[in-house]
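Visitor:
Protein chains in written order, with our numbering: chain L, 9 to 74; chain H, 5 to 709.
1) I'd like to know if residue 54 of chain L contacts chain H, where contact means its C-beta is closer than 9 Å to some C-beta of that chain.
2) So what's residue 465 of chain H in DSSP terms, helix, strand or just coil?
3) Considering Cα atoms alone, identify which of H:655, H:703 and H:642 is closest to residue 680 of chain H.
4) Using only alpha-carbon positions, find the residue among H:15, H:620 and H:358 that is nearest to residue 75 of chain H.
5) Which residues of chain L have a Cβ atom closer than 8 Å to the Cβ of residue 244 of chain H, listed in chain order?
6) Applying the 10 Å Cβ sphere with the 16-neighbour rule, what's the burial state of residue 623 of chain H?
7) Hey, would you say the C-beta of residue 40 of chain L is under 8 Å away from at least one heavy atom of the ligand NAP?
8) Tell me, please, whether the region 132-152 of chain H touches the region 96-110 of chain H by the rule of three or more beta-carbon pairs shorter than 8 Å.
9) Rounding to the nearest angstrom, what Cα-Cα distance links residue 373 of chain H and residue 340 of chain H in this structure?
10) Within 9 Å of any Cβ in chain L, is that where the Cβ of residue 447 of chain H sits?
11) Taking contact to mean 3 or more Cβ pairs, one atom from each stretch, closer than 8 Å, check whether the region 483-501 of chain H and the region 269-281 of chain H are in contact.
12) Ends of the alpha helix (DSSP H) at residue 100 of chain H?
13) Would a check of beta-carbon distances place residue 57 of chain L closer than 9 Å to chain H?
14) Among residues of its own chain, excluding the 5 on either side of residue 247 of chain H, which ones have a beta-carbon nearer than 8 Å to its beta-carbon?
15) CB-CB under 6 Å to residue 94 of chain H, same chain, minus the five flanking residues each way: which ones, in chain order?
16) Name, in chain order, the residues that DSSP records as bridge partners for residue 126 of chain H.
17) For residue 119 of chain H, would you say it is in contact with chain L, using Cβ-to-Cβ distances shorter than 9 Å as the test?
18) Determine which residues share a DSSP beta bridge with residue 15 of chain H and list them.
19) With a threshold of 9 Å between beta-carbons, can residue 430 of chain H be considered close to chain L, or not?
20) Around the Cβ of residue 235 of chain H, are there at least 16 other Cβ atoms within 10 angstroms (buried) or fewer (exposed)?
21) Nearest to residue 199 of chain H by alpha carbon, out of H:254, H:512 and H:575?
22) Please classify residue 299 of chain H: is it buried, with 16 or more other beta-carbons within 10 angstroms of its beta-carbon, or exposed?
23) Report the residue from H:151, H:109, H:80 and H:31 whose alpha carbon sits nearest the alpha carbon of residue 56 of chain H.
24) Could you tell me the boundaries of the beta strand (DSSP E) in which residue 38 of chain H lies?
25) Which residues of chain L have a Cβ atom closer than 7 Å to the Cβ of residue 508 of chain H, listed in chain order?
26) Could you tell me whether the region 609-622 of chain H touches the region 644-653 of chain H, using the rule of 3 or more Cβ pairs below 8 Å?
27) Using a Cβ-Cβ distance under 9 Å, would residue 639 of chain H count as near chain L?
28) Exposed or buried, what is residue 135 of chain H when buried is set at 16 or more other beta-carbons lying within 10 Å of its beta-carbon?
29) For residue 391 of chain H, I'd like the list of residues in its chain whose CB is within less than 7 Å of its CB, leaving aside the five on either flank, ordered along the chain.
30) At what residues does the beta strand (DSSP E) containing residue 658 of chain H begin and finish?
31) Contact defined as beta carbons within less than 8 Å: I believe residue 212 of chain H pairs with residue 472 of chain H. What is the distance between those atoms, to the nearest angstrom?
32) So, is residue 113 of chain H buried or exposed, given that buried needs 16 or more other C-beta atoms within 10 angstroms?
33) Return yes when the Cβ of residue 287 of chain H is within less than 9 Å of the Cβ of residue 418 of chain H, no when it is not.
34) When burial is assigned at 16 or more other CB atoms within 10 Å of the CB, is residue 71 of chain L buried or exposed?
35) Determine which residues share a DSSP beta bridge with residue 348 of chain H and list them.
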């Protein structure tokens, strides 16, 4: 993809900073939660299925590291 | 998505096949299409809409044949099928795709056509032949609608048109597209689901401990105190956010105020004006009191001041009369006659008809022996040397009157000086937009109050949170102590960890949503201001509403979304570009976090007369802004608009097209040829050509540069 010629002055680095303050498992859980609910195909998945996926993700995030 | 080539064949005003190449390099991506009125500039946008969505707004169902060029149709014979089409080669994700939409119709008899049908196909060209793959499953159509939603296209090109330029409708649509890109509503759903799962774990913990009342009681307490703590933390976060916003607004308002007064202390001038006006009121009051004192003295003097001032004249007249041996009996009459003859009355003022009438009345009605005697006394008084009380009183009165007259004189001078000073201050203030400054001053003061109040609220929240945190920590200890032992304890511990994790996730999503909202506002505001404020000639500023993230223009404290003269176009473009950059940046950040938000596309501007109704300053600003703000910029314009922005665009344009209008002589003779002439380089390009009589007008594309 070619870059547009004007420089971009916008910065949203702090968003990453905010998430990276969390422990790694929490970061992973956050990403999974958003991928379950806020990804392009999420609307096509049934709400119960999404809730179940999130529950499993939460449970996996408190399991001791294998 | 960018368009690499647009082909139009036998479609509306375009007869035969006409090819628009839209070259795009790292150095330039600007394409200009010059065209006089009614030459087919807007038809290009409508043809694009027909290609992308199969729709053409002004064509009713069953009349698709009207899209086919009239020349083509005129050459047809009954039973023949004619067609017209629009084709575009688009680049997306560094891959090319060529799509064509064709309208076909059969001629039944002269001027009567069958309804016609429309076909959407992929076009594949190799070195030998061209293949057409019909989009039976709607795959390409679906892809196109995902890339450029029809509502967005319509909003951008058509909804804003009647108001002010053609971009306003696009702002809301673009804002919604960001919202859809971020799936804002689904973030909220994720937060709610995390809370729902957390509540489920809480219920399970309660169920597990159904028999243990003390422990249950502690858990309920723990839950309710944590809830209180959470609420307070939310309040604190909101207050912090609001404080940040108020602080930013305070700084912005202060800067605006500083900019307006440019180093001059307007408030000091205003204060000075108030003080001087007060001084003037005071001096005028004192002068008034002097006048009153003089009046009082005169009133109480029983006419002495009159006599006093009359004395020298009266004495002179009386001496003259005496020298002429005038006897006292007719002294008064002659005295009055002499007085009337003089230019001035005995009081020293110029005679008027009225004063003369008074003296005559006096002579006729009140002349008597007593008065004659009185006048004789007056005569002798003038020779008296100060023993008479009349003269003493006159002297005292004169002193007193003199004192007040002096004072009155001083106050008059002071009033004049103060009036001159006040005028000078008012002149200085007149150089500044005082009313705007006053409003900003009031706003600044309100913001300052809000800031103080929020500061106090934050402090109170902090104290409250410390207390609540201590309470929750204490309850946690008690819960740990009272926790059941053995296997139940293990299950309990696991459920609590899960509950805490769900709670942590819920809070993180909420925090991130709030954080992103604040960040968007900050970034959009900064970006829009950067592009708009410096250009605005009327002191207006671009603002972005904190709640809706929608842009507006603020002038004299009032907000408007729709201002004329090109301001709205500039604001809309700046906002659209800022959103696009924000979206791109955010996408990259999300990728770092391994969150997929969908694909990011190249920004492409295809603008139909964006300088319409814009004044020269904003037209130039919009032109400068458009350079390099998108991956592709295609702009069509009229001669007047081209003349305004030619110096900016001509050297940057990679290609300049002209839409030459071929028109019959009966129409050509009524037009102004200047409306068809475009200066390019060192020549003028004439975009009007005359057809033989009674031919139908059409448009031909020519390459100018």
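From the three backbone atoms N, C-alpha and C, an ideal C-beta is built for every residue, glycine too.
Guide: Short version:
1) no
2) helix
3) H:642
4) H:15
5) Simply none; closest approach about 14 Å.
6) buried
7) Absence of the ligand NAP is noted for the structure shown, with no ligands found whatsoever.
8) yes
9) Bear in mind that a pLDDT of 49 at residue 373 of chain H, under 50, signals an unreliable position, so the model cannot answer this.
10) no
11) no
12) Looking at the DSSP string, residue 100 of chain H is not in any alpha helix (DSSP H); the run it does join, the beta strand (DSSP E), is 99-113.
13) no
14) 455, 458, 459 and 462
15) 5, 7 and 101
16) H:103 and H:137
17) no
18) H:18 and H:72
19) no
20) exposed
21) H:512
22) exposed
23) H:151
24) 34-38
25) 34
26) yes
27) no
28) exposed
29) Because residue 391 of chain H sits at a pLDDT of 43, beneath the cut-off of 50, its placement in the model cannot be relied upon, and the following sentence gives the value as read from the coordinates. Once the five neighbours on either side are set aside, residue 391 of chain H has no close Cβ partner at all.
30) 657-667
31) Between residue 472 of chain H and residue 212 of chain H the Cβ distance is about 26 Å, and since that is not below 8 Å, they are no contact.
32) exposed
33) yes
34) exposed
35) H:354
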